[in-house]
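Just below is one structure, and these are the notes that go with it.
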Amino acid sequence: MRKTILLAAIIGTSALSSAAFARPMTETDLATMKRLSGATASPDGTMVAYQLRETDLAANKGKTDLYMLKIGANPQPMMFASKPDKNEHDPAFAPDGKSIFYISNESGSDQIWRYDIATATTTQASNFKADVSGFKISPDGQKFAVWGDIARDCMEFGCETDGDTSRPGPGTGREYDQLMVRHWDQWETPGNYSRVFTFMLGADGKLGTSGAAMDGTLVGDAPSKPFGSGEEISWNADSSGIAFTLRLADKNEAKSTNLDIYGAALKSKAPVNLTADNAGTDTTPAMSPDGKWMAWTSMPRATYEADRLVIKLMELKSGKVTALTEKWDRSVASLAWALDSRSLLVTAQDVLETPLYRVDLKGKVTRLTDRGSIAEAVPLKNGGVVYAINSISGPSDLVHMDAKGKTTRLTHVNADALATIDPVNYQKFDFAGANGEQVFGQIVKPQNATGKLPVLLLVHGGPQGTFNNSWSYRWNPAVMASQGYAVVTIDFHGSTGYGQKFTDSINKNWGGWPLEDLQKGMDAVGKIDTQLDTANACALGGSYGGYMMNWISGNWPDRFKCLVNHAGIFDLRAMAYETEELWFDQWDNGGPWTTRTDAEKWNPVNHVAKWKTPTLVIHGEKDYRIPYSQSLAAFTALQQQGVESKLLVFPDENHWVLKPKNSIQWHQTVFAWLAKHLKGAQ
663 MRKTILLAAI IGTSALSSAA FARPMTETDL ATMKRLSGAT ASPDGTMVAY
713 QLRETDLAAN KGKTDLYMLK IGANPQPMMF ASKPDKNEHD PAFAPDGKSI
763 FYISNESGSD QIWRYDIATA TTTQASNFKA DVSGFKISPD GQKFAVWGDI
813 ARDCMEFGCE TDGDTSRPGP GTGREYDQLM VRHWDQWETP GNYSRVFTFM
863 LGADGKLGTS GAAMDGTLVG DAPSKPFGSG EEISWNADSS GIAFTLRLAD
913 KNEAKSTNLD IYGAALKSKA PVNLTADNAG TDTTPAMSPD GKWMAWTSMP
963 RATYEADRLV IKLMELKSGK VTALTEKWDR SVASLAWALD SRSLLVTAQD
1013 VLETPLYRVD LKGKVTRLTD RGSIAEAVPL KNGGVVYAIN SISGPSDLVH
1063 MDAKGKTTRL THVNADALAT IDPVNYQKFD FAGANGEQVF GQIVKPQNAT
1113 GKLPVLLLVH GGPQGTFNNS WSYRWNPAVM ASQGYAVVTI DFHGSTGYGQ
1163 KFTDSINKNW GGWPLEDLQK GMDAVGKIDT QLDTANACAL GGSYGGYMMN
1213 WISGNWPDRF KCLVNHAGIF DLRAMAYETE ELWFDQWDNG GPWTTRTDAE
1263 KWNPVNHVAK WKTPTLVIHG EKDYRIPYSQ SLAAFTALQQ QGVESKLLVF
1313 PDENHWVLKP KNSIQWHQTV FAWLAKHLKG AQ
């Protein structure tokens, strides 16, 4: 199968196709693109509000503002409730449609504010002692579920102390008596957790300071950390209580993926575990508008983060549970009820795309979109839906799909910037990989390219992941191709979007079939597109992709002119004892290090004597998933053997590079390394 597409067509960016051959995209362009998110719709389905982040490069940070627009043929976004030096985000329409609540730091801390649509005035709705991380408004509009980091023994939304028991004093030392001690990019704070409280909304439109903690005696984070969000909290249709996701913060937390959904009524405030029979992940509870159902996503296998997420459906009156998408071999990424309660709108990866689907209450799945990545979906009263879509060609914009399937573009937030940048060509390809099985990949290259192009092979992380036809601010094929390269991505065995068997195939096989797929894929692309100079190539990867750079160094050492290794695993033994969430390492590699049947089989450290490829090594000091000592070790191995190498360390970044100036430095360093080895630049 071969499919060449001008990517402008994927999201309808007319500015791209009309501005061909303007100039290549730069790393600064990437860092300063506007970022749309947080879409919400008015109860009558006629208005949409969203947040837009713009980058203040001088200040090295982003600023968020709020916009609204009326759905129609010629939507005109209008900024609202936004102050020049403040951040406003997470808008939510009140159920009566007269106001929009949001979070702002205007008062000096993150609090809930209210925007009156008729008068265009703003008032502060909360004044808690603690910062508000998020909120959900009840269907009757009279109550708020509010969450933030609160001391476990604090019965108000914020007390004088943060409750952190790891700092007994009098010095600065931390004390722990169980795992986890670090998580993602922070040291754990036992005694302080993300907690959900409920508050009544007064007649004056403000929330009182007296709220009710909904976690009872549970100890854990709700929403979960580090990436949990408002999707993990749902109000009952009659506003009588909430459902929320929580993983217990006990001695098993570091090895557990057992998120459970708890229900808590406002009258009792004693949470009940609604998914106690499943030891795997249960998350994203969603109560149907008619009050009959609760839907959620569920993984059956404990300690496996990349198991298939199946939609479960509970009939609330009887308690009967149905695995709604058991026969659909795709993993559901998000779900939202249609407002008539007859179906769910969901997203799921499928062969390099992330489409929007409709799933009815009998489990019938209907695909609604074709190409690109749907980031969120907002159902409308009239049966339509508003969703955000992005692709390799550009960041997210909003699209309206009516009840008949007709689509209308609502925003063009980066149109001016994209109009000045050369578009890229995109080609999806497939080949026979390991075991002769079909493996897919992508080729991205400048549209105006002539002559042979050096090749960049990007290897995704996860390892259960995909580069996908989506926009990224960290590993972006378009900005890399714009430097004069053909960028190749390959969804090797273990990738997502191809069914659970394919995803599972990387288990205890990290250096096997995935490497074979990369080797066969590099052979295939040179025949598929003869413009690719596959003999003049470098490979790049982060996380598991960084592991693969270390593995390639010792097991495919003659193939590439250079390598770029970001946060890669160098020694699986050290990784097994240094990482924070142990399930990640133990599931993929056969349990704790001491019980593995062939622990050293796929360990890159055993092959360092064969390393000879020039390598750029990059890491963030605040990375606790793959500690930066792994990259120090890799750099030491390179230096000790006289292999050309460079080390770039960010003291203020985690597993990802997020700050604008750091992103620019990352790209400039990588581009200079590539140009030196592929173009002979000095």
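So my numbering is basically just the index in the sequence shown, starting at one, shifted up by 662.
Note that the Cβ used here is the ideal one computed from N, Cα and C, for glycine as well.
Nearest candidate by alpha-carbon position, reference residue i, set the options
i, options, result
"Ala995", "Asp1314, Arg1258, Gln1109 and Thr959", "Thr959"
"Ile1288", "Pro739, Gly1208 and Asn722", "Gly1208"
"Ala926", "Asn935, Ser918, Thr919 and Asn920", "Asn935"
"Ala985", "Lys974, Glu1315, Asp944 and Gly864", "Lys974"
"Arg814", "Lys723, Met740, Gln786 and Ala911", "Ala911"
"Asp826", "Leu978, Ile812 and Tyr1135", "Ile812"
"Thr726", "Gln1089, Gln1303, Lys748 and Ala1094", "Lys748"
"Glu1283", "Gly759, Lys1024, Thr785 and Arg844", "Arg844"
"Glu1099", "Ser1167, Pro962, Gly1127 and Phe859", "Ser1167"
"Trp1137", "Asp1064, Val1040 and Ile1326", "Ile1326"
"Lys1323", "Ala684, Met687, Leu692 and Thr1151", "Leu692"
"Asn1044", "Val858, Thr688, Pro705 and Met687", "Pro705"
"Gln1330", "Leu1278, Val1305, Tyr1290 and Pro1313", "Leu1278"
"Val1267", "Met1210, Gly1124 and Trp1318", "Met1210"
"Leu921", "Gly1103, Lys887, Asp900 and Met740", "Lys887"
"Leu1118", "Ala1236, Ile799, Arg1258 and Leu1336", "Leu1336"
"Arg1029", "Leu1018, Pro1276 and Ser1035", "Leu1018"
"Asp847", "Glu1262, Asp883, Gly1304 and Phe889", "Phe889"
"Leu642", "Ala1343, Met949 and Lys1107", "With the chain covering 663 to 1344 only, the question about residue 642 has no answer from this structure."
Where the alpha helix (DSSP H) through residue i begins and ends
i, result
"Tyr1239", "Leu1234 to Glu1240"
"Thr694", "Glu689 to Thr694"
"Asp1078", "Ala1077 to Leu1080"
"Thr823", "That residue, Thr823, is in no alpha helix (DSSP H); it is neither H nor E in DSSP."
"Lys1338", "Pro1322 to Leu1340"
"Phe1246", "Leu1244 to Asn1251"
"Asn1217", "Tyr1206 to Asn1217"
Bridge partners - residue i, DSSP secondary structure assignment
i, result
"Gly1183", "Answer is none; Gly1183 lacks a bridge partner."
"Thr857", "The sequence given here places Arg at residue 857; Thr does not occur at that position. Note: Arg857 sits in a beta bridge opposite Gly810."
"Pro1276", "Pro1276 pairs with nothing; no bridge assigned."
"Ser766", "Glu750 and Gln773"
"Trp999", "Leu1006"
"Asp727", "Leu714"
"Ile1105", "Gln1089 and Val1150"
"Glu1015", "Asp1012"
"Ala1201", "Leu1119 and Leu1225"
"Leu869", "Leu863"
Inter-residue CB distance, residue i and residue j (contact presumed, cutoff 8 Å)
i, j, result
"Ala916", "Glu1242", "7 Å"
"Lys1182", "Ala1199", "Contact doesn't hold; Cβ gap of about 15 Å is too wide."
"Leu1180", "Phe1154", "6 Å"
"Trp955", "Glu977", "6 Å"
"Thr871", "Phe797", "At roughly 15 Å, the Cβ-Cβ gap does not stay under 8 Å, so Thr871 and Phe797 are not in contact."
"Trp809", "Ser856", "6 Å"
"Ser1053", "Trp1133", "6 Å"
"Asn1265", "Leu1309", "Contact flag wrong, Cβ pair sits at about 21 Å."
"Leu1202", "Leu1120", "5 Å"
Span of the beta strand (DSSP E) around residue i
i, result
"Met976", "Val972 to Glu977"
"Ala1037", "Ser1035 to Pro1041"
"Leu1007", "Ser1005 to Ala1010"
"Trp958", "Trp955 to Ser960"
"Asp1166", "Counting along the chain, Asp1166 falls outside any beta strand (DSSP E), though it belongs to the alpha helix (DSSP H) covering Gln1162 to Asp1166."
"Ser901", "Run containing Ser901: none; DSSP gives neither H nor E here."
"Gly1056", "Gly1056 to Met1063"
"Asp944", "Asp944 to Met949"
"Asn1052", "Val1047 to Ser1053"
"Phe966", "Residue identity differs from the one stated: residue 966 is Tyr in this sequence, not Phe. No beta strand (DSSP E) holds Tyr966; DSSP gives it neither H nor E."
"Ala787", "Premise fails: Ala787 is in no beta strand (DSSP E) and is neither H nor E."
"Pro1116", "Leu1115 to Val1121"
"Thr1298", "It is not in any beta strand (DSSP E) - Thr1298 instead sits in the alpha helix (DSSP H) that spans Ser1291 to Gln1302."
"Val983", "Val983 to Ala985"
Any C-beta of chain D under 8 Å from that of residue i
i, result
"Thr1016", "The structure shown has no chain D; it contains just one protein chain."
Residue i beta carbon near the ligand NAP (any heavy atom closer than 7 Å)
i, result
"Cys1200", "Although the ligand NAP was asked about, the structure shown includes no ligands whatsoever."
Are the region 1219-1230 and the region 1145-1153 touching, with three or more C-beta to C-beta distances below 8 Å? no
Check whether the region 763-778 touches the region 741-750, taking contact to mean three or more Cβ pairs, one atom from each stretch, closer than 8 Å. yes
Are the region 1060-1073 and the region 1089-1096 touching, with three or more C-beta to C-beta distances below 8 Å? no
Can you confirm whether the region 827-837 touches the region 771-783 when touching is taken to mean that 3 or more C-beta pairs between the two stretches lie within less than 8 Å? no
How do the region 1052-1061 and the region 691-702 stand: do at least 3 beta-carbon pairs fall below 8 Å, yes or no? yes
Is the region 937-956 in contact with the region 861-879, if contact means three or more CB pairs nearer than 8 Å? no
When you compare the region 1184-1198 with the region 1097-1113, are there three or more beta-carbon pairs, one atom per stretch, that lie closer than 8 Å? yes
Is it a yes or a no for the region 995-1013 touching the region 943-951, going by three-plus beta-carbon pairs under 8 Å? yes
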